[in-house]
Structures are given as structure tokens and as C-alpha cells.
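Step one of this worksheet: look at the structure below.
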Amino acid sequence: MYKKWRAIIPWGMAILLLAILLRTYNIFSIPIFADEAIYIRWAQVMRAVSSLRFLPLDDGKQPLFMWLMIPFLKVIGDPLLAGRTLSMLAGLGTLTGIFLVTLRLFKNKKTAILAALIYAVSPFTVFFDRMALVDSLLMCFGVWSLYFGILTAQELRLDWAMLAGFALGFAYLTKSPGVFFLLLLPSTLLAGEFRGKDKWRKLGKLGGLWLVSWVIALGMYNILRLGPNFHMLALRNKDYVYSFSEVLQHPLDPAIPHFYDLFDWFSKMLPITVLLTAVLGMILALKKDWRQLLLLLAWSIGPLVAEAAFAKVFTARYVLFTLPPILILAAYAWGKFKNKNWLALGGAFIILPSLFINYKVLTSPVQAPLPREERAGYLEEWTAGTGIREIAQYVKVQKAQNPNQKVLVGTEGFFGTLPDGLQIYLSDIPGIVVKGVGITITGVDKSLADAKVAGDRVFLVVNSTRFKIEQPEKAGLRLVSSYPKAPRADGTQESLLLLELVK
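In terms of full-length UniProt numbering, the sequence shown has 197 at position 197, counting the first letter as 1, and numbering is strictly consecutive.
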């Protein structure tokens, strides 16, 4: 057994270490994002109050990611690091799953190791595996759903069907697009062999095994009915997707703009060299491996088309779970090179652009060639929490210098980057309270003024574009520090302001 894998094991270990390095080095290079702050804060509350373990249902979100984050919060001091560590580990799970899926489909160790390498270095996966967002976990369970589905179709075993059911259930407990995996399970029929006299018996058995998988997955999902706001899942989904009747009224809008978005994301974040290689892989697989090709396309193009047609809200991370089949097809094309020189040249074409983009993301994200909307959301606008960790540390120091004085931190907003981004760092410190006081700050909130009169230390944290007090000094506010965000395309620049109420 060892001899069969001796040549692959060193490469596998090197790729695993490379993946870990790319996902952990300078892990705070991207500031905390709005949804990260929300998810981490939920996890903290769920950890502290056992009766609130279904808290995310209040906003129509599945809670598995937050459940899994709770143990990390117990052992890792920085809550943002705890959440991002979970996503990093999910990424390693996806890497392993991609290797196994590729090996199972094409029976070629070289292609499998190349698929793992492409996943390890793709800026698309590196970027989101470094964020405390649910999408990396969804992608992980999606890959393993595909793998166990393939094994079920090929070996017709109950244990594989049960494992497929568990993977499907975990995916659906992570995020609503997990339903795609349940619907796509029958496509794994393409991975099996159903010929000869007993093909109908085998097909019937496979259908029964699929039923087992679906029953397990849906049974797991229905655990959410224990939460008081299970109905919010369906209600909030309407905020994100159009109904069939609405799509029929405008079938090309938003589909066509969304396809342009997809090309922009894939060309910049896969990047384009991987996308072109994947297209070549599709062409090369048409003749000999058409069934594997159809299976992989079903698990990538199928959800992409559905999301493009039905999604009201469309961002790059929402399609992250569709990437593994595309990366596998790129590896399929790369693996067709027999000559070592051509293999190395193909590697340079595929890997070097990815490493360059990753270098920028890890060391200077402002200079990284990110898509316009991603740059705005993660680096430029109110959703980007530049300076929040530094402000939290400053408040901690001020509190430590005068332990008997209470501290009140007012922030813009009520949900999201602020106040959640500060609460994840300060909520467990006695004597410090963080509260939202409004979306646009036009004056000193009464609760802040009253706290100052009562002798508390009072701060205000607000983004510069939402700070509308023309003469802060007359309002008793002193600027403590300012944290500039990445410049916008038009040259303007948002900053996060920390002010103290001094009178």
C-alpha cells in the first residue's frame, strides 16, 4: 500500500502545508467584514446562553457554522481568529475532498494531486478560506456530498449512502444553497456502471440508497424546527431569490448582468489562466470521459445558471461552492501533459498568476486586483471593519488604566460591522458596554450624554461618511484616532473615526 502512494505522499504534504500557509499568513490582512462580525457575535451569544442556540434563525440563517465556531472561541483568544480558523480548516477539508473526487472519477493520482494544488493556490478559494464566512464550510460539505454520492453509485453500499446523507444534511444546515446538492445527487448515476442483465436491479438499489441519503439529510435539517423562528428561513430566502413567476416576467434580467459578474469574478479570482485551462479540460474530456464531464458540469454550471437567473443578491462568495468541479477540470487538462517540460510550463501558466494575486492579498490587499464589488465590500465601504481591532484594544487599555470607571462605546448602526465588530472583543469585559446609537450620527445621543454626566468614559465610533456633526468640538467630541480604508475608484476615502465625549 505504501509503495503505491510513496511518490504522492511528499507532494500531498507539501500542498497541504502550502494551503495552510496561504490561509494563515497575515490572516488579518483583510479587516473584519460585516457578516463575519454578525456570525462571530451570534456564536458568542449562543455559547453564553444555551437557550439561544438557534439564534441565527431570527435572521433566516442556518446555525451550523456558528455551532462549530463555539469550541474555537473556547480555545482561541481572538474571536476573529477563531472564526477564520474554522474556515481555514473547512478549506483543508475541501482540498482533501477535491483530491479524492478527482482520484475516484479519473483513477489518476497525478490529476488528483494537481487538482489539490490548484485549489490550494486559487485566489478565489484562498481569499474566502481566510474569512469567517459560511461559504467555505458549504463548499467543504458540497465536495464531500459529491464524493460519497459517487461512492454510493459505484459500490451500491448502504454505509456510503448514509455518509452521503450526513454530508448533505450538514451542507443544508450550513446555508440554503445546500439544497442544490440534494437535487444533484441523482447526477452521480453518471459515475456508476449499469450494464448487463442486472442493470435494472442495480438502478433500483441505487434509487433506494438515494432515498436513504435524502431521508438522513432532511431529517438533520428538520432539527431546525426546534428553534422558534424556523419559518424565517423561508421568509428571508425571498429576500435573496426571485420566484419562478418573477423570473418568467424578466428571464434575461438579472441573468445576463449576473453572467458578466461571473466572468469578472472567475477571470480575476480563479484567475483567468485557471478558467481557460478548465475550458480546455472540458474539451479534452468530451470524447473519453464525457460522463465524468457531465457530472462535474452538473455540480458547477447547474447551480451557477440557477443562481444567475434567480438571485436578487449576487456576490462572489455566493458561488464559491461551485468552484471544485471547475478546478478539477483544469487539473484534468494540466494532467494531460506527458512531457515534463510542458507539464512545468503548464504549471507556470496556471500557478504563477495565482501566487502573485495571493501575495498581494496577504501583504497589501489594497493593491490586489480584486473585482470592483469585492474590493468595495471588503476594503472600502462601511462593511469593511478597518480599525476595529485597534479601537477595541485602545478601549481595553483605557479601561485597565481606570478599572473603577465604566466605559460606554456608542457606534453607528445596530447590526453588522458596528456594533457587532466591537462587541465580539469587548462584550465579555465587565464595565464596558457597546451599543448602537443610529445609522447617521447628527448629534450626541442622549444615552451617551447621560453616561458622561454620570461619570462614565464615553466613546463614539462612526464611519466618516455617516458622521454629520459639523462642529464636533462644540458637541464635546474629541477625535482620538482615524483609520483610513482603501481608496475608492473615484478617489474618495472612507475612514473609521474614534471620538471621545469629553464634555
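Note that the Cβ used here is the ideal one computed from N, Cα and C, for glycine as well.
Check your understanding: Nearest to Val453 by CA position, among Ala132, Phe72, Gly476, is which residue?
Key -> Gly476
**Study point:** Bridge partner(s) assigned by DSSP for Leu433
**Key:** According to the sequence provided, residue 433 is Val. The question's Leu does not apply to it. Leu408.
Practice item. Note down, in chain order, each residue of its chain lying with its Cβ closer than 6 Å to the Cβ of Leu117, except the 5 sequence neighbours on either side. Key: Ile15
Review point. What are the residues that DSSP puts in a beta bridge with Asn463?
Key: Leu496
Check your understanding: Does the distance from the CB of Leu64 to the CB of Leu146 come in under 7 Å?
Key -> no
Review point. For Pro484, which beta-bridge partners are listed by DSSP?
Key: Ser495
Review point. For Arg317 versus Asp135, is the C-beta spacing smaller than 7 Å?
Key: yes
Exercise for review: Between the Cα of Pro487 and those of Arg195, Thr442, Pro365, spot the shortest distance and give me the residue it belongs to.
Suggested key: Pro365
Review point. With respect to the alpha helix (DSSP H) encompassing Ala37, which residues constitute its N-terminal and C-terminal limits?
Key: 34 to 48
Point to revise | Buried or exposed by the 16-neighbour rule on C-beta atoms within 10 Å, applied to Ala344 | key: exposed
Exercise for review: Return helix, strand or coil for Gly91, following the three-state DSSP convention.
Suggested key: helix
Review point. Thinking C-alpha only, which one of Gly196, Tyr39, Gly207 is nearest Leu156?
Key: Gly207
Check your understanding: Where do the N-terminal and C-terminal ends of the alpha helix (DSSP H) with Glu373 fall, by residue?
Key -> 372 to 375
Review point. Can you list, in chain order, the stretches of the alpha helix (DSSP H) that have 4 or more residues and sit fully within the stretch 336 to 385?
Key: 340 to 363, 372 to 375
Practice item. Could you tell me how far apart the beta carbons of Tyr119 and Leu327 are, in whole angstroms, since I believe they sit closer than 8 Å? Key: 5 Å
Practice item. Taking Gly91 and Asp129 to be in contact with their CB atoms under 8 Å, please state how far apart those CB atoms are, rounded to whole angstroms. Key: 3 Å
Exercise for review: Taking only runs that begin and end inside the stretch 104 to 133, name each unbroken beta strand (DSSP E) of 3 or more residues, in chain order.
Suggested key: none
Practice item. Measure the beta-carbon distance from residue 506 to Phe99 and round it to whole angstroms, keeping in mind my assumption that it falls under 8 Å. Key: The chain is shown from 1 up to 503; residue 506 falls before or after that span and cannot be answered.
Practice item. Confirm, please, whether the CB-CB distance from Ala34 to Thr383 is below 7 Å. Key: yes
Point to revise | Pairwise C-alpha distance: Val461 and Tyr483 | key: 11 Å
Exercise for review: Kindly indicate which three-state DSSP category Ile201 falls into: helix, strand or coil?
Suggested key: Residue identity check: residue 201 is Arg in the sequence provided, not Ile. Correct three-state label for Arg201: helix.
Exercise for review: Could you pull the start and end residues of the alpha helix (DSSP H) that Phe266 belongs to?
Suggested key: 255 to 269
Check your understanding: How would you write the range of the alpha helix (DSSP H) that Thr174 sits in, first residue to last?
Key -> 158 to 174
Review point. Which class does Gly438 belong to by DSSP, given the choice of helix, strand or coil?
Key: strand
Review point. Grouping DSSP H, G and I as helix and E and B as strand, with all else coil, what is Ala14?
Key: helix
Check your understanding: For the candidate residues Ala234, Val409, Val45, whose alpha-carbon lies nearest to that of Ile391?
Key -> Val409
Exercise for review: Give the range of the alpha helix (DSSP H) segment to which Gln401 is assigned.
Suggested key: 388 to 401
Check your understanding: What's the gap between the Cα of Pro202 and the Cα of Leu190?
Key -> For the sequence presented, residue 202 should be read as Lys rather than Pro. Taking the straight line from one Cα to the other gives about 13 Å.
Review point. Once you ignore the five residues that flank Ala82 on each side, which residues in its own chain have a CB closer than 7 Å to its CB?
Key: Met69, Phe72, Leu73, Ile76
Exercise for review: Could you say which of Ile38, Leu270, Leu138, Thr442 lies nearest to Ser176 if we only look at CA atoms?
Suggested key: Leu138
Review point. Pick from Glu473, Glu380, Tyr425: whose alpha carbon is nearest that of Ser495?
Key: Glu380
Check your understanding: Taking the alpha carbon of Pro472 as the point to measure from, which residue in Thr465, Ile32, Leu501 has its own alpha carbon closest?
Key -> Leu501
Review point. Okay, do the stretch 413 to 430 and the stretch 363 to 377 touch, 3+ Cβ pairs below 8 Å being the bar?
Key: no
Check your understanding: Expressed to the nearest angstrom, what Euclidean distance is found between the alpha-carbon atoms of Leu53 and Leu270?
Key -> Note on residue identity: the sequence assigns Arg, not Leu, to residue 53. Cα-Cα distance, rounded: 36 Å.
Check your understanding: Between the stretch 304 to 313 and the stretch 385 to 403, do at least 3 Cβ pairs fall closer than 8 Å?
Key -> no
**Study point:** Cβ contact (3+ pairs, closer than 8 Å) linking the stretch 36 to 52 and the stretch 211 to 218
**Key:** no
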